[in-house]
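To start, the structure itself, in structure tokens.
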Amino acid sequence: MSIGYLQRKAAWEILLKVSYGDFSDHALEKVLRNYQFNPLDIAFITELSFGCIRYRKFLDLWADHTSKMNHKRQPPKLRWLLHIGLYQLIKMDKIPCPAAISTTVEVAKKTDLKGLAGTVNAILRNASRKLEQEIFPKISSDKKERISYLESLPLWLVHDLYQWVGNSKGENIVKAFNKKPSIDLRINQLKTDLDKFLRVLHENEINAEIIKDLNNGITLKSNPRSIKNLPGYSEGLWTIQDRSSQWVAPLLNPKEGEKILDACAAPGSKSTHLAELANDNAEIIAVDRSEKRLKILQSNLERLNLKSVKILKADATSLIDLNPKFISYFDKILLDAPCSGIGTLSRNPDSRWSLSREKIKSLTLLQEKLLESILPFLKKDGTLVYSTCTICPDENNLLVERFIERNKDLKLVSQKQILPSLDYPGDGFYSAIISYKS
Ligand SMILES: C[S@@+](CC[C@H](N)C(=O)[O-])C[C@H]1O[C@@H](n2cnc3c(N)ncnc32)[C@H](O)[C@@H]1O
19 MSIGYLQRKA AWEILLKVSY GDFSDHALEK VLRNYQFNPL DIAFITELSF GCIRYRKFLD
79 LWADHTSKMN HKRQPPKLRW LLHIGLYQLI KMDKIPCPAA ISTTVEVAKK TDLKGLAGTV
139 NAILRNASRK LEQEIFPKIS SDKKERISYL ESLPLWLVHD LYQWVGNSKG ENIVKAFNKK
199 PSIDLRINQL KTDLDKFLRV LHENEINAEI IKDLNNGITL KSNPRSIKNL PGYSEGLWTI
259 QDRSSQWVAP LLNPKEGEKI LDACAAPGSK STHLAELAND NAEIIAVDRS EKRLKILQSN
319 LERLNLKSVK ILKADATSLI DLNPKFISYF DKILLDAPCS GIGTLSRNPD SRWSLSREKI
379 KSLTLLQEKL LESILPFLKK DGTLVYSTCT ICPDENNLLV ERFIERNKDL KLVSQKQILP
439 SLDYPGDGFY SAIISYKS
């Protein structure tokens, strides 16, 4: 067995799982359970498999450039293995081409792709020659089509993005979808403070910095391999949370004694943030319809030792029938709505392939229904915050505009759209503060 063979095999298995519908991070976790890799191997496997998933369209282009059979006619197992080989050749400078080819061919030889090992070898050698001679695949000269291949994003999404934000911002965003996502933490201010926790990280030789403009944010400058092994996790000193998402809970300005509804709460990064900001002394009702995700919220509450959050498994669109006592009950309501997640594409390698305009349309219907359903629970002097991790106007400002138009006694206090960018390490996020007119 050659060095590096098992790592390529594991990466290929992750691609297979994702093609059967697993999320990338779940697939990675499941596959790694079957091996005993060291942290460096895990970093390599993550980079290779997630890179292949992101660059699927680009790698298909190269597969068509170097093989006689169009990728659409390739058996899926072959297609994903070619991606493993091609990604190493084209996108990973540090791997010598012969090693990339031989280890990938070995995966074919030792699995049920045995009969196609010769094909894999021939295609990858062809790709290596073409790269050396700078013979690249031909792509249309249309700007949007080009970028959709080179940055590997569905063409409809490139078109829509450019329409939402204009050409130059659009290009920057498309590129930002392929950058390495930041790893940000939010410290639990009830248990530690920024300087103290930063010192703990530095004492453990973990390179980290305070995030400017946030009260409790720290970003890790190098990958810690296993996040849960960082100091302070089991003691509840911090929660992993992207910097853009950390903006949301403070918009509600939660205070001790207030009644707060978090209508789509699981897995709870914002419910726990709300509880910490209110000194764990508010009445926070965390609603979600997903039992599985609520279990994660429950374990986060236990780990962070927060007592003020009460979990309620329910569909927030029919909460009024279950709990009529909630009418005009809450001082503050957060609706962190289910959304297309377009702001988080760099973090979720597979999501770009499962999105569609139809899916976004059905999400906007749900978002509207959720907003209308929870509004009766807000006190007349209360504050409602609507947030998403997308940058699609139909799910954000346009939706909020329509909501306020339908409910004439409401006003938009402020809104903020954070766009993903090559110059900003966090996710794309939207938030709106809404209240009744006085
Ligand atoms: C964006 S996530 C929430 C993230 C969460 N606020 C956090 O910060 O950790 C959206 C959540 O909405 C939940 N959800 C979707 N439709 C719902 C509904 N009709 N009622 C209640 N929860 C719903 C999903 O299960 C998912 O957990």
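First residue of the sequence shown? That's 19 in our numbering, and the numbers climb one at a time after it. Every residue gets a Cβ at the ideal spot worked out from N, C-alpha and C, and that includes glycine. Remember, it's a predicted structure, so these values are computed and weren't measured experimentally.
Notebook entry, point to check: Is serine 308 near ligand 1, with its Cβ less than 7 Å from a heavy atom?
Noted result: Mapped onto the sequence shown, residue 308 falls at position 290. Because some heavy atom of ligand 1 lies under 7 Å away, the Cβ of serine 308 counts as near it: yes.
Checklist line | Contact check, alanine 300 vs isoleucine 392, beta carbons under 8 Å | finding: Along the sequence shown, one-based indexing puts residue 300 at 282. Along the sequence shown, one-based indexing puts residue 392 at 374. In this structure, isoleucine 392 does not lie closer than 8 Å to alanine 300 by Cβ.
Notebook entry, point to check: Would you report the Cα separation of leucine 437 and glutamate 189, rounded to the nearest angstrom?
Noted result: Here residue 437 refers to the residue found at position 419 when the sequence shown is read from its first residue. Here residue 189 refers to the residue found at position 171 when the sequence shown is read from its first residue. Rounded to whole angstroms, leucine 437 to glutamate 189 spans 12 Å at the Cα level.
Checklist line | Presumed contact (8 Å Cβ cut-off) between isoleucine 245 and isoleucine 258, rounded CB distance | finding: On the sequence shown, position 227 is the one that residue 245 refers to. On the sequence shown, position 240 is the one that residue 258 refers to. Contact holds; Cβ gap of about 6 Å.
Note to self: For the beta strand (DSSP E) containing aspartate 306, name the first residue and the last one.
What the structure shows: By 1-based counting over the sequence shown, the position of residue 306 is 288. It spans 301-306 - the beta strand (DSSP E) in which aspartate 306 sits, taken as one unbroken run.
Next item on the list: Taking only the alpha-carbon atoms, compute the straight-line gap between phenylalanine 344 and aspartate 211 and give it to the nearest angstrom.
Entry: Translated into positions along the sequence shown, residue 344 becomes position 326. Translated into positions along the sequence shown, residue 211 becomes position 193. Taking the straight line joining both Cα atoms gives about 35 Å.
Check: How long is the line joining the alpha carbons of leucine 352 and valine 305, rounded to whole angstroms?
Finding: In the sequence shown, the residue the question calls residue 352 occupies position 334. In the sequence shown, the residue the question calls residue 305 occupies position 287. Approximately 10 Å, taken between the alpha carbons.
Note to self: Going by DSSP in three states, arginine 321 sits in which element: helix, strand or coil?
What the structure shows: To locate residue 321, count along the sequence shown from 1; it is residue 303. Helix at arginine 321.
Check: Does the Cβ of valine 305 lie closer than 7 Å to at least one heavy atom of ligand 2?
Finding: Looking for ligand 2 in the displayed structure turns up nothing; the ligands present are ligand 1.
Notebook entry, point to check: According to DSSP, is lysine 328 helix, strand or coil?
Noted result: Here the question's residue 328 lines up with position 310 in the sequence shown. In this structure, lysine 328 counts as strand in the three-state DSSP scheme.
Notebook entry, point to check: Would a C-beta distance cut-off of 8 Å place leucine 322 and glycine 254 closer than the cut-off?
Noted result: Mapped onto the sequence shown, residue 322 falls at position 304. Mapped onto the sequence shown, residue 254 falls at position 236. Yes, they are a contact pair.
Check: Hey, how far is the Cα of asparagine 88 from the Cα of aspartate 78?
Finding: Your numbering for residue 88 matches position 70 in the sequence shown. Your numbering for residue 78 matches position 60 in the sequence shown. Asparagine 88 and aspartate 78: Cα-Cα distance of roughly 8 Å.
Notebook entry, point to check: Is glutamine 106 helix, strand or coil by DSSP?
Noted result: Mapped onto the sequence shown, residue 106 falls at position 88. Helix at glutamine 106.
Next item on the list: Taking 8 Å as the cut-off, decide whether the C-beta atoms of serine 308 and alanine 284 are in contact.
Entry: The residue you call residue 308 lines up with position 290 of the sequence shown. The residue you call residue 284 lines up with position 266 of the sequence shown. Yes, these two residues count as a Cβ contact at 8 Å.
Margin query: Rounding to the nearest angstrom, what Cα-Cα distance links phenylalanine 55 and tyrosine 73 in this structure?
Written below: By one-based count along the sequence shown, residue 55 stands at place 37. By one-based count along the sequence shown, residue 73 stands at place 55. Using only the alpha carbons, I get a separation of about 25 Å.
Next item on the list: Please check the pair histidine 101 and arginine 204, which I expect to be a contact at CB under 8 Å, by giving their CB distance rounded to whole angstroms.
Entry: Residue mapping note: residue 101 aligns to position 83 of the sequence shown, counting from 1. Residue mapping note: residue 204 aligns to position 186 of the sequence shown, counting from 1. In fact, because the Cβ distance is near 35 Å, the residues do not count as touching under 8 Å.
Next item on the list: Could you say if the region 372-390 and the region 80-97 meet the contact criterion of at least three C-beta pairs nearer than 8 Å?
Entry: no
Note to self: Report the CB separation of aspartate 349 from lysine 277 in whole angstroms; it is logged as a contact under 8 Å.
What the structure shows: The residue labelled residue 349 in the question sits at position 331 within the sequence shown. The residue labelled residue 277 in the question sits at position 259 within the sequence shown. Yes, they are in contact, since the Cβ atoms of aspartate 349 and lysine 277 sit about 5 Å apart, within 8 Å.
Margin query: With a threshold of 7 Å (Cβ to nearest heavy atom), would cysteine 410 be considered close to ligand 1?
Written below: As a first step, residue 410 is located in the sequence shown; it is residue number 392 there, counting from the start. Incorrect: cysteine 410 has no Cβ contact closer than 7 Å to ligand 1.
Next item on the list: Quick one: using the 10 Å Cβ neighbour count with 16 as the cut-off for buried, is arginine 26 buried or exposed?
Entry: As a position in the sequence shown, residue 26 is number 8, starting the count at 1. With 16 or more Cβ atoms within 10 Å of its Cβ, arginine 26 is classed as buried.
Note to self: Considering only their Cβ atoms, is the gap separating threonine 122 from leucine 99 smaller than 8 Å?
What the structure shows: On the sequence shown, position 81 is the one that residue 99 refers to. On the sequence shown, position 104 is the one that residue 122 refers to. Contact: yes.
Next item on the list: Please indicate yes or no: does the CB of aspartate 333 lie closer than 7 Å to some heavy atom of ligand 1?
Entry: The residue you call residue 333 lines up with position 315 of the sequence shown. Yes, Cβ of aspartate 333 sits closer than 7 Å to a heavy atom of ligand 1.
Check: For serine 67, which three-state DSSP category applies?
Finding: Locating residue 67 in the sequence shown gives position 49, where the first residue counts as 1. Looking at serine 67 - three-state DSSP - the assignment turns out to be helix.
Check: Would you call alanine 28 buried or exposed, if buried means 16 or more other Cβ atoms sit within 10 Å of its Cβ?
Finding: As a first step, residue 28 must be located in the sequence shown, where it is residue number 10. Alanine 28 comes out buried.
Margin query: To the nearest angstrom, how far is the alpha carbon of asparagine 139 from that of proline 93?
Written below: Indexing the sequence shown from 1 puts residue 139 at position 121. Indexing the sequence shown from 1 puts residue 93 at position 75. When rounded, the distance between both Cα atoms is 16 Å.
Notebook entry, point to check: Taking C-beta to C-beta, are serine 200 and glycine 444 nearer than 8 Å?
Noted result: The residue you call residue 200 lines up with position 182 of the sequence shown. The residue you call residue 444 lines up with position 426 of the sequence shown. Yes. Within cutoff.
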